[in-house]
Structure formats: structure tokens, C-alpha cells
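Residue numbers (the numbering used here), protein chains in the order written: chain A, 1 to 107; chain B, 108 to 427. Positions of the beta carbon are idealized from the N, C-alpha and C atoms, including for glycine. Worksheet: the structure to be examined is printed underneath.
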Amino acid sequence: MASEKVKTFTDANFGDEVKNGVVLVDFWATWCAPCRRIAPLVDQLAEEYAGKLTVAKVDIDENPMTPSKFMVRGIPTLLLFKDGELKETIVGLETKDRLTQVISKHL
Amino acid sequence: MNTQQQVIIIGSGPAGLTAGLYAARANLKPLIIEGIEAGGQLMLTTMVENWPGYRDGIMGPDLMTELRAQAERFGAEIIQGDVSSVDLSKRPFTVNVDSTKYTAEALIVATGASAKWLDLGVDKKLSGRGVSTCATCDGFFFKGLPVAVIGGGDTAMEEAIYLSKLATRVTVIHRRDTLRASKVMQDKAMASPNISFIWNSEVVDIKDLDQGKVTSLVLRDTQNGAISELAVDGVFIGIGHVPNTALFKGQLAMHDNGYLKTHSGSRTSVRGVFAAGDVQDHVYRQAVTAAGSGCMAAIDAERFLSGTLHESHETVEASL
Chain A
1 MASEKVKTFT DANFGDEVKN GVVLVDFWAT WCAPCRRIAP LVDQLAEEYA
51 GKLTVAKVDI DENPMTPSKF MVRGIPTLLL FKDGELKETI VGLETKDRLT
101 QVISKHL
Chain B
108 MNTQQQVIII GSGPAGLTAG LYAARANLKP LIIEGIEAGG QLMLTTMVEN
158 WPGYRDGIMG PDLMTELRAQ AERFGAEIIQ GDVSSVDLSK RPFTVNVDST
208 KYTAEALIVA TGASAKWLDL GVDKKLSGRG VSTCATCDGF FFKGLPVAVI
258 GGGDTAMEEA IYLSKLATRV TVIHRRDTLR ASKVMQDKAM ASPNISFIWN
308 SEVVDIKDLD QGKVTSLVLR DTQNGAISEL AVDGVFIGIG HVPNTALFKG
358 QLAMHDNGYL KTHSGSRTSV RGVFAAGDVQ DHVYRQAVTA AGSGCMAAID
408 AERFLSGTLH ESHETVEASL
């Protein structure tokens with residue numbers, strides 16, 4: 001079960017949603033096996049950093065504009081924004097330890 | 108959760124899950140630590156046509172879902188997580204997963220192998236920006252664009268065939284003038300109208316780091332040294348795999364190429380530690396051989412734990 005704390009962003013609202021605070025966005029697709037591997041980690045991060053970090057997903061099939069804008073050409077890719085500015089790009093599978101290291105730099 | 112186990116299995120590809128299935132059916136209540144690339148290499152493939160019993164083939168991820176459920180059905184416990192370190196110097200063995208410490212009387216190493224990169228540096232920097240080791244993951248981004256595939260084995264051919272349905276043009280770049288791929292894969296690739304081959308060439312650079320995306324490949328002809336450039340939007344690396352043995356450096360005997368040494372079945376250089384699958388097999392590297400060796404490792408571990416594993420074939424030189 002996906003965490004209820006994980007939001008869903010779309011091409012339409014992406015710009016507004018990442019404008020404020022620290023936001024971690026998981027770019028994924030239903031057909032992407034490694035994305036399914038990272039999904040539980042993303043859920044855990046949403047629970048553990050609730051209130052400090054906004055965690056969201058973008059389905060790249062339904063929202064092609066946003067990945068193209070940020071030159072995402074492989075999934076899973078995690079992008080971390082702080083007040084609208086892209087701070088980190090994490091491509092592929094990473095351990096939870098490594099993800100928390102990267103996130104905590106910006107909190 | 109009980110962190111003291113009889114058997115821990117590291118890895119959840121065909122080898123790890125088959126070891127889990129057999130160990131579970133032997134009532135050893137195995138703990139499988141699935142690892143970051145859970146499900147193993149088959150999770151990144153499409154149709155698997157050489158797994159016995161499926162005459163029409165089975166999708167790699169579906170096969171792994173089945174194997175996983177089958178192991179769980181008999182009581183194997185599978186946990187998420189990636190092993191950060193192990194201590195094999197005394198029994199019980201210690202296996203650390205982030206901050207949790209597990210111990211086991213017997214250990215089965217089935218950590219497999221991961222895709223090899225080019226060693227250019229730039230390829231990793233452009234990962235997710237046009238450089239990929241997984242066509243089924245990233246091919247989507249190259250619909251209607253030209254791409255290249257590097258390599259001449261089955262992995263490279265499978266990537267090329269998959270990509271030929273998405274990209275305008277797929278150029279396979281290979282260091283030699285003949286393919287190492289199986290005949291059936293070669294024939295499929297050769298028959299595709301938009302797959303072409305550049306022989307006797309290696310990639311010496313990927314452009315363009317400044318733009319943060321792939322624009323072209325710089326190739327060197329291995330015969331005459333001539334340099335050329337090929338414009339592509341994406342490049343898929345299919346040049347083979349490296350065994351995931353970094354965890355065991357200095358603790359388990361390895362061949363020069365990093366694969367674990369095994370003897371008398373699945374035994375490693377440490378009593379009570381067994382190895383299965385691609386981590387100890389640089390020759391066959393098939394899903395079915397991995398599964399077979401996973402079965403062997405579970406049987407060896409069971410006999411070791413019950414004190415009936417015969418130590419009469421200790422032939423390996425423990426060259427650490």
C-alpha cells in the first residue's frame with residue numbers, strides 16, 4: 001500500500017507544487033520494474049519526514065512535459081527541490097541510507 | 108523480528124529465491140535479504156524464452172513474482188534492505204543491514220552480478236541523461252529518436268531488439284567483427300530493418316557533458332585507430348556484468364575477475380558459507396543454472412547444519 005502522505009503531481013500543477021519548501025519527486029511509470037523497487041522507500045521517506053519534506057510522484061506516461069523539462073531520461077529518477085530550485089538529481093536505485101543523507105543536507 | 112537465523116540468504120534473484128524455496132521446505136525458516144536490485148537481472152528483461160516449462164516464454168518480472176510467492180508459500184521470509192557489511196570470521200556469521208544486525212549459522216551468498224559500465228567516467232555522469240544499462244526501463248524516453256547499443260552479447264541484442272520498436276534507428280557498436288550473442292538473438296537483430304552494426308569499434312567518449320545530455324558518441328576503429336562521431340540521443344550499455352562481491356573482499360576466496368570461488372558443490376572458502384548464481388558463475392550465467400545452484404546451496408546448507416555435510420572434498424586453496 002502506498003503511503004497516503006505521498007502526493008501525486010501532474011504537468012498542470014508541478015510548478016506550483018514545488019515552489020515552497022523541500023520537495024522530493026519520484027518520476028516513475030507502471031511498466032518500470034526498478035521503480036516498483038524504490039516505491040516502498042519513497043513511502044517510508046514520506047512517513048518519516050512528514051511535516052519537513054513533501055514527497056510526491058509523477059507518472060511519466062500521463063505527464064510527459066515535466067520529465068522532459070528537467071531532462072529526465074531514465075527512471076526511477078528522484079528530483080529534490082528547495083523553494084522551487086532543483087537541488088539534487090538521483091538516478092536509479094539507491095539505498096535508504098544514501099537517500100536520507102542527500103535529503104538531510106537540505107532540511 | 109528474530110534476528111538470529113539458521114540460514115540467511117543474501118539476494119533475491121533466481122538463485123536466492125530457489126535457495127529460499129528449498130531451505131524453507133527443509134524447515135530452516137530462511138531469511139532472504141532481497142537487496143537493492145531485488146528480483147535480480149530478470150526484473151529488467153522482457154520475454155524469457157529459455158526457462159524450462161514455459162513453451163511460449165514468460166516475462167522476466169512475472170517469473171520472479173512467481174518464484175518469490177513460491178518461496179514465501181513454504182515459509183521463507185523476505186525482507187527489503189541492502190546488506191552493508193558481513194563478518195564471516197566466526198559463527199554465527201553476522202550480516203548487517205543498515206543499522207540492523209542479523210546472525211546466522213549458515214549463509215548463502217546469491218548477490219548476483221550487476222551491469223558493467225564503460226569506465227569512461229562520463230557514462231556514469233550522464234546516467235539518466237541518455238546513458239542507460241536498462242532498455243526496458245529507459246527506452247520509453249527515446250521514442251522517435253536515434254540510439255546506440257554497445258556490446259555484442261545476448262544482453263546487447265535484447266536491448267537492440269527492444270529499442271528497435273521505439274527508436275528511429277538503433278546502431279549496435281561492437282569491439283569485434285562477430286557477435287557473441289546466441290544464434291537466435293543474432294538472427295532477430297539482423298532481421299530488424301532499423302538495427303545496423305558498426306564493427307571493430309569502441310566508444311572513447313560520450314558527448315555532451317556540458318549540455319547535460321547525450322548528443323553523440325566518439326568512436327575509435329580498433330583496426331586502424333580512426334576516430335568518428337555518431338549522433339544519438341541515447342546510448343544503452345550491454346557489455347556484460349560484474350559480480351557483486353565487494354561485501355566479501357578479504358573474507359571469501361575469489362577468482363581474479365572477482366567471482367567467488369566455490370568447490371564441492373556450492374561451498375566457498377569459509378565453512379558454512381555457500382554461494383549460488385551469477386556471483387560464482389562467470390561461465391553459464393543463465394536463470395536456470397542460477398536456480399539450479401541455488402537449490403544446491405540450500406541442500407549443502409541443510410546438510411552442514413545437520414552435521415552431515417561431508418568434508419572429504421576440501422580441495423580449494425583458500426587464497427585470500
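Amino acids of chain E, ordered along the chain, whose beta-carbon sits closer than 9 Å to that of residue i
| i | result |
| --- | --- |
| B:K320 | Judged by its chain identifiers, the structure shown contains no chain E, and its protein chains are A and B. |
Cβ of residue i within 8 Å of any chain A Cβ
| i | result |
| --- | --- |
| B:C244 | yes |
| B:E265 | no |
| B:A220 | no |
| B:V144 | The sequence given here places Glu at residue 144 of chain B; Val does not occur at that position. Cβ-Cβ to chain A under 8 Å: yes for B:E144. |
| B:G120 | no |
| B:G123 | no |
| B:Q187 | yes |
| B:G251 | no |
| B:L138 | no |
| B:G151 | The sequence shown places Leu at residue 151 of chain B, rather than the Gly named in the question. Yes, contact with chain A. |
| B:D163 | no |
| B:I117 | no |
| B:A299 | Note that residue 299 of chain B corresponds to Ser in the displayed sequence, not to Ala. No, B:S299 does not count as interfacial toward chain A. |
| B:A425 | Model confidence at B:A425 stands at a pLDDT of 46, short of 50, so the residue's coordinates are unreliable; what they give is reported in the following sentence. Cβ-Cβ to chain A under 8 Å: no for B:A425. |
| B:R276 | no |
| B:G492 | Coverage of chain B is limited to positions 108 through 427, which leaves residue 492 of chain B absent and any answer about it impossible. |
| B:H420 | With a pLDDT of only 47 at B:H420, under the threshold of 50, the placement of this residue in the model should not be trusted; the figure read from the coordinates follows. Cβ-Cβ to chain A under 8 Å: no for B:H420. |
| B:P350 | no |
| B:S234 | yes |
| B:S371 | no |
| B:F248 | yes |
Interface flag, residue i vs chain B, CB-CB below 8 Å
| i | result |
| --- | --- |
| A:L99 | no |
| A:T8 | no |
| A:A96 | Residue identity check: residue 96 of chain A is Lys in the sequence provided, not Ala. By this cut-off, A:K96 is an interface position. |
| A:L29 | Checking the sequence shown, residue 29 of chain A turns out to be Ala, not Leu. With 8 Å as the cut-off, A:A29 counts as an interface residue toward chain B. |
| A:G84 | no |
| A:T66 | no |
| A:L24 | no |
| A:G15 | no |
| A:T54 | no |
| A:V119 | Because chain A here runs from 1 to 107, residue 119 of chain A falls outside it and cannot be looked at. |
| A:A33 | yes |
Coil, strand or helix - residue i by DSSP
| i | result |
| --- | --- |
| B:P350 | strand |
| B:V229 | helix |
| B:A217 | coil |
| B:G341 | strand |
| A:V18 | coil |
| B:Y269 | helix |
| B:E409 | helix |
| B:F304 | strand |
| B:K208 | strand |
| B:I140 | strand |
| B:L367 | strand |
| B:A382 | strand |
| B:E424 | Since pLDDT at B:E424 reaches only 46, below the 50 mark, its modelled position is unreliable, and no value is offered. |
| B:S419 | For B:S419, the pLDDT reaches just 48, beneath the cut-off of 50, and the residue's location in the model is therefore unreliable, leaving the point undetermined. |
| B:M264 | helix |
| B:E173 | helix |
| A:T8 | strand |
| B:M292 | helix |
C-beta atoms of residue i and residue j nearer than 8 Å
| i | j | result |
| --- | --- | --- |
| B:I215 | B:I140 | no |
| B:I268 | B:A296 | yes |
| B:G167 | B:M150 | yes |
| B:D226 | B:V238 | no |
| A:K57 | A:W28 | yes |
| B:A298 | B:D261 | no |
| B:V342 | B:V279 | no |
| A:T100 | A:T89 | no |
| B:A133 | B:A404 | no |
| B:A183 | B:G127 | yes |
| A:V18 | A:F81 | yes |
For residue i: DSSP bridge partner residues
| i | result |
| --- | --- |
| A:V25 | A:A56, A:L79 |
| B:E428 | In the structure as shown, chain B begins at 108 and stops at 427. Residue 428 of chain B is therefore absent and cannot be evaluated. |
| A:M86 | The sequence shown places Leu at residue 86 of chain A, rather than the Met named in the question. Per DSSP, A:F81. |
| A:P40 | Partner(s): none; A:P40 has no beta bridge. |
| B:Q111 | B:T210 |
| B:E184 | B:L138 |
| B:F248 | BP columns for B:F248 are empty, so no partner. |
Pairs of beta-carbons, one from the region 399-419 of chain B and one from the region 382-390 of chain B, closer than 8 Å: are there three or more?
Yes, the region 399-419 of chain B is in contact with the region 382-390 of chain B.
Could you check whether the region 171-180 of chain B touches the region 211-226 of chain B, counting it as contact only if at least three pairs of C-beta atoms, one from each stretch, sit closer than 8 Å?
Per the Cβ contact rule, the region 171-180 of chain B is not in contact with the region 211-226 of chain B (fewer than 3 Cβ pairs under 8 Å).
The region 269-288 of chain B in contact with the region 371-379 of chain B per 3-pair CB rule at 8 Å
With a cut-off of 8 Å, the region 371-379 of chain B and the region 269-288 of chain B do not count as touching, because too few Cβ pairs lie within range.
Could you tell me whether the region 348-367 of chain B touches the region 327-340 of chain B, where touching means 3 or more Cβ pairs closer than 8 Å?
Flag = no, the region 348-367 of chain B and the region 327-340 of chain B do not touch.
Would you be able to state if there are at least three C-beta pairs under 8 Å between the region 32-40 of chain A and the region 79-99 of chain A?
Segments in contact, yes.
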